[in-house]
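Numbering (the working numbering), first residue to last: 7 to 480.
Heads up, the beta-carbon is just placed ideally off N, CA and C, and yes, glycines get one too.
Predicted model, so just to flag it, every value in this text is computed and none were measured.
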Amino acid sequence: MAKSVKRRLRGVVIMENSYDVIIIGAGLSGLSAAHFLAKLSHADLRVAIIEKTSRPGGAIKTFNSEGYQGEWGPHGFLDNTPESQELLRDIDLYREAQQAPLGDFFRYICHRGHLERLPQSLSTALKTPLIPLGGKLRVMADLWKRPKMEDQTIADWVNYRFGPAILPLADAAVSGTFAGDFNRLSIDAVMPGVRALEKETGSVLRGIIKKKRVARGGASKLARLPSMLNFPAGMERLVKALADKKEIKYNAAVKGVRRDKIWTVSTEAGEFKAAQLIMALPVNQALRLLTAFKAPPVVEIPTARIINVVMGLPDSARVPYGFGYLAPEREHRFAIGAMFTSHMFPGRSPRACRLIEVLVGGRRHPEHLSLSDSEIEGQAVEDIRSLIDLPEPPLFTRVLRTEHAIPQLEMDHPALLRWRRSMESDLPDLYICGFGWDGIGMNDMIKSARKTAAAVVAGGERQVEELQVKPVYF
Ligand SMILES: Cc1cc2nc3c(=O)[nH]c(=O)nc-3n(C[C@H](O)[C@H](O)[C@H](O)COP(=O)(O)OP(=O)(O)OC[C@H]3O[C@@H](n4cnc5c(N)ncnc54)[C@H](O)[C@@H]3O)c2cc1C
Numbered sequence: 007m008a009k010s011v012k013r014r015l016r017g018v019v020i021m022e023n024s025y026d027v028i029i030i031g032a033g034l035s036g037l038s039a040a041h042f043l044a045k046l047s048h049a050d051l052r053v054a055i056i057e058k059t060s061r062p063g064g065a066i067k068t069f070n071s072e073g074y075q076g077e078w079g080p081h082g083f084l085d086n087t088p089e090s091q092e093l094l095r096d097i098d099l100y101r102e103a104q105q106a107p108l109g110d111f112f113r114y115i116c117h118r119g120h121l122e123r124l125p126q127s128l129s130t131a132l133k134t135p136l137i138p139l140g141g142k143l144r145v146m147a148d149l150w151k152r153p154k155m156e157d158q159t160i161a162d163w164v165n166y167r168f169g170p171a172i173l174p175l176a177d178a179a180v181s182g183t184f185a186g187d188f189n190r191l192s193i194d195a196v197m198p199g200v201r202a203l204e205k206e207t208g209s210v211l212r213g214i215i216k217k218k219r220v221a222r223g224g225a226s227k228l229a230r231l232p233s234m235l236n237f238p239a240g241m242e243r244l245v246k247a248l249a250d251k252k253e254i255k256y257n258a259a260v261k262g263v264r265r266d267k268i269w270t271v272s273t274e275a276g277e278f279k280a281a282q283l284i285m286a287l288p289v290n291q292a293l294r295l296l297t298a299f300k301a302p303p304v305v306e307i308p309t310a311r312i313i314n315v316v317m318g319l320p321d322s323a324r325v326p327y328g329f330g331y332l333a334p335e336r337e338h339r340f341a342i343g344a345m346f347t348s349h350m351f352p353g354r355s356p357r358a359c360r361l362i363e364v365l366v367g368g369r370r371h372p373e374h375l376s377l378s379d380s381e382i383e384g385q386a387v388e389d390i391r392s393l394i395d396l397p398e399p400p401l402f403t404r405v406l407r408t409e410h411a412i413p414q415l416e417m418d419h420p421a422l423l424r425w426r427r428s429m430e431s432d433l434p435d436l437y438i439c440g441f442g443w444d445g446i447g448m449n450d451m452i453k454s455a456r457k458t459a460a461a462v463v464a465g466g467e468r469q470v471e472e473l474q475v476k477p478v479y480f
C-alpha cells in the first residue's frame, strides 16, 4: 500500500518547500493526521503542517494561574473510541491520562431551580423526578412511531419519538456538547448512526436492543461506562506531545490554495508545494479556501462561542459530588452549566481549595459574550450561589474568552457533507477533515484524521464506514 503512495508521490520533484503531503492546520485534527500518516505509511513521506499561529493545538489550550489549572477549550474526552486509544498508546500517554469514570460520578440537571441527579440506571430512571410518570410511559411510544424520512431538528425529532417530557434533557445534552440550540441542530447531521438504526428497525429503542443483543453474542464483555480523560498537565499535554518532532511551519496563515497537477499553498511565509493536500481546518476556515473550486451550498455555517469562568472556591463551598451540571434553556439561567473540576480531575487548585469551571454564552446567548469580565464574573457567581451552598465568596475568578467557536451542524449540514464528497471525488488528492465536518468532539477529530491518513496511504481510496451509534453522555 505504502509503495503505491510513494510511486504516485515520486512524480513530484523534491525541492525546498516541496512535500509529499501538506496538512493545513496544527490543531488536534492536523496533528493526528500527521501522526497516523507517519504510522500507516511505513514510508519516508515528507509531510509539513502549515499553521497560522505560533503554537500547536488550535482550540486546545490549558490555563494556569495562582495554582489553578483550567481549560480554554476542551476539558475532557471519553476513552471509548478505538482511534483515540490507539493514538494515546502510540505516544505513550495512555498511562499518564487522568481518568474520571462516568460510572463513579453523578451528573446533575438544573430542574426547577435546583440540582437534580441525572439517572445512571434503569431503576433510577424510573424514579427520577426529572420526568413525570406519563412522560416515562410516553418514551415507549418510540416502538410504534414510524420513522420520518426527512431531516428534522433535534427538538422535533425527540418530541416526535420520545415525547415532550424528554425535551429538557435533550436540550441539556445539546448544550453540554455543542453549546448549541436543539431547535436548530440537524438530527441527520448530529446523530447519523441513530437515524440509520431508526430507519432500519423502525424504532430507536428496538434498534438499540437489537444492537446490544448482537454485541453480546459476539463478545462476553459487560458494557462499562467510559471514563473522561484529561492529563495532569492539562489537555495541552496531548497536542504538545503530538507536535513533537513534526515539521510545522508556524506563523504561516494560508491565503489560498491552487492545483495545477500538484498543490500550491500560498501563505504569509511563502509558497509550499505537495502532491496531496489535507485540509484539517474548522468548516468555515476550510470553506474560505475551497469556495473557488466549487461553490458550496452555504458560504458559512453558524458557530457557538463560549466563555469559561474559572472559579476557585474555599473549602467551605459545598460542591455536590459529581462531574457538574447542565441547565436546560427553560430554566432561564445565566450559565449553560458548570464542571466540578476538582472532583473530576483533582490537583488543579491550591490545597484546601476547589475549582469549578462555569460555561457562559453558546448559540442561544451570544449577548452574554459582549458583557465585561466583571459583569460575567458577577453574574456567574450569583448563578452558582443560587444552586450551590457558598458560605464564602470565591477566592479566584478568571474569565477565559477563546476565539475558537464550536461549529453548529444545523439543517444545511447534510448538503454541505454531500458537497465535500463531490469535492473529494473531483479532486482525489484533496482530503477534508477537521472541526465540524465529521462531528465536533476530540474523538471525532482523531477518528476522522485516522481515516484521512489511511485514505492518503491507500492512494486516495476512501473507506465508507458503517455509521456508528454514539451513546449520549452529558
Ligand atoms: C470552547 C470549546 C470547548 C470544547 N470542549 C470540548 C470537550 O470538552 N470535549 C471534546 O471532546 N471536545 C471539545 N471541544 C472540541 C475540540 O476542541 C475540537 O474537536 C478540536 O480541538 C478541533 O481540532 P481541529 O484541529 O479540528 O480544529 P482547531 O483546533 O480549530 O485547529 C485548527 C488549526 O488550524 C489553524 N488555522 C486556521 N486557519 C488557518 C489558515 N488559514 N492557515 C493556517 N492555519 C490555519 C488554527 O490556527 C488552528 O491551529 C471544544 C471546543 C471548544 C472551542
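- Residue range 448 to 463 is occupied by the alpha helix (DSSP H) that includes methionine 448, with no beta strand (DSSP E) assigned at that position.
- Between glycine 64 and histidine 410, the C-beta spacing is below 8 Å.
- Boundaries around glycine 367 are those of the beta strand (DSSP E), 359 to 367, since no alpha helix (DSSP H) includes it.
- Taking a cut-off of 8 Å on C-beta distances, the segment 87 to 94 does not touch the segment 259 to 276, as fewer than three cross pairs fall below it.
- DSSP, read as helix, strand or coil, puts glycine 384 in helix.
- The alpha helix (DSSP H) runs of length 4 or more contained entirely in the segment 101 to 157 are, from start to end of the chain, 128 to 133, 139 to 145.
- Setting aside the 5 residues that flank it on each side, methionine 417 is surrounded in the same chain by Ser192, each with a C-beta closer than 6 Å to its C-beta; the list follows chain order.
- Counting other Cβ atoms within 10 Å of its Cβ, asparagine 70 stays below 16 and is therefore classed as exposed.
- A residue is called buried once 16 or more other Cβ atoms fall within 10 Å of its Cβ, and aspartate 435 is buried on that count.
- Rounded to the nearest whole angstrom, the C-alpha separation of leucine 396 and aspartate 321 is 10 Å.
- Segment contact: the segment 367 to 374 against the segment 290 to 297, fewer than three CB-CB distances shorter than 8 Å; contact not assigned.
- Around the beta-carbon of histidine 349, 16 or more other beta-carbon atoms lie within 10 Å, marking it buried.
- Per the DSSP secondary-structure output, tyrosine 331 pairs in a beta bridge with Tyr114, Ala344.
- Under DSSP, tyrosine 256 shares a beta bridge with no residue.
- Ligand 1 approaches threonine 59 closely enough that one of its heavy atoms is under 7 Å from the residue's Cβ.
- Note that the C-beta distance between threonine 68 and methionine 241 is below 8 Å.
- By alpha-carbon distance to arginine 243, the top candidate from Gly465, Leu124, Leu34, Leu401 is Leu34.
- Assignment of threonine 403 by DSSP, reduced to helix, strand and coil, places it in the strand class.
- Residue state for glutamate 72 is assigned as coil, using DSSP reduced to three classes.
- Between the segment 202 to 209 and the segment 23 to 33 there are fewer than three inter-stretch CB-CB distances shorter than 8 Å, so the stretches are not counted as touching.
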